[in-house]
Amino acid sequence: MYLFLTILFSFTTFNLSESENYSKTELSNQLSNDWKIEYVDNEIKIESSKLIILDKTNGTNQERIVFKYTNLTFKKLTLSFARTLYYDGKCYGCDNQEKRFEILLNPSETKSYDDLTKDKLYFIFSKDLNNTIKKTLDSFQILKIEKHFNEIK
Numbered sequence: 001m002y003l004f005l006t007i008l009f010s011f012t013t014f015n016l017s018e019s020e021n022y023s024k025t026e027l028s029n030q031l032s033n034d035w036k037i038e039y040v041d042n043e044i045k046i047e048s049s050k051l052i053i054l055d056k057t058n059g060t061n062q063e064r065i066v067f068k069y070t071n072l073t074f075k076k077l078t079l080s081f082a083r084t085l086y087y088d089g090k091c092y093g094c095d096n097q098e099k100r101f102e103i104l105l106n107p108s109e110t111k112s113y114d115d116l117t118k119d120k121l122y123f124i125f126s127k128d129l130n131n132t133i134k135k136t137l138d139s140f141q142i143l144k145i146e147k148h149f150n151e152i153k
């Protein structure tokens, strides 16, 4: 049984490492180390930073604003908020501030953008550095911030 598991594990590890080399999109992400505080109080901190995403396989080169959320308490909490985006002078989200973003944070936990997420909670498209997409982010606002504390089970 031990021999069977060892062989299975070796085969799985080999296949995963081999397939990773072939299916991996060639990304070159450059995250600014300069985090800007967008909101902070005694309970939460919301920060943003710029990220350049160069995807050579798909030919895209974009700038994104990425977010980091930190629970500053020793309580589990749910953070929710609305967001407005201004692209080339036009506001997106101004007419529908009922659309909410929500994130659950454990005590003293930080959650932030990573390359695997497609969740708009963690990023905003800023501009296309190839100039294929013409709209460019002028600014954004985080509005109607609400916090609900949850009991830890």
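Heads up, the sequence shown is in the working numbering, so the first residue is 1 and it goes up one at a time.
Each residue gets a CB set at the ideal place from its N, CA and C atoms; glycine is no exception.
Under 8 Å, do Ile-142 and Tyr-39 count as touching if we go by C-beta distance? yes
Going straight from the alpha carbon of Lys-111 to that of Lys-134, what length do you get? 31 Å
Confirm, please, whether the CB-CB distance from Glu-43 to Leu-85 is below 8 Å. no
Is it the case that the stretch 57 to 69 contacts the stretch 118 to 129, given that we only count it when at least three CB pairs across the two stretches are under 8 Å? yes
Rounded C-alpha distance that separates Arg-83 from Thr-57: 31 Å
Report the residue from Lys-99, Glu-98, Leu-77, Arg-100 whose alpha carbon sits nearest the alpha carbon of Pro-107. Leu-77
CB Thr-60 to CB Asn-150, shorter than 8 Å? no
Per-residue DSSP class, three states only, for Glu-98: coil
8 Å CB neighbourhood of Gly-93 in its chain, flanking five on each side removed: Ala-82, Arg-83, Thr-84, Leu-85, Lys-99
Grab the span of the beta strand (DSSP E) containing Phe-168 for me, first residue to last. Only positions 1 to 153 of the chain appear in this structure, which leaves residue 168 out of reach.
Keeping to the same chain, check which residues put their C-beta closer than 8 Å to that of Cys-91; ignore five residues upstream and five downstream. Thr-84, Leu-85
Segment limits, beta strand (DSSP E) that includes Leu-137: 137 to 150
Lys-50 versus Lys-118: straight-line alpha-carbon distance, rounded: 16 Å
Quick check on the DSSP output: the beta strand (DSSP E) that includes Ser-112 runs from which residue to which? 110 to 112
Out of curiosity, what's the CA-to-CA distance linking Lys-147 and Lys-36? 21 Å
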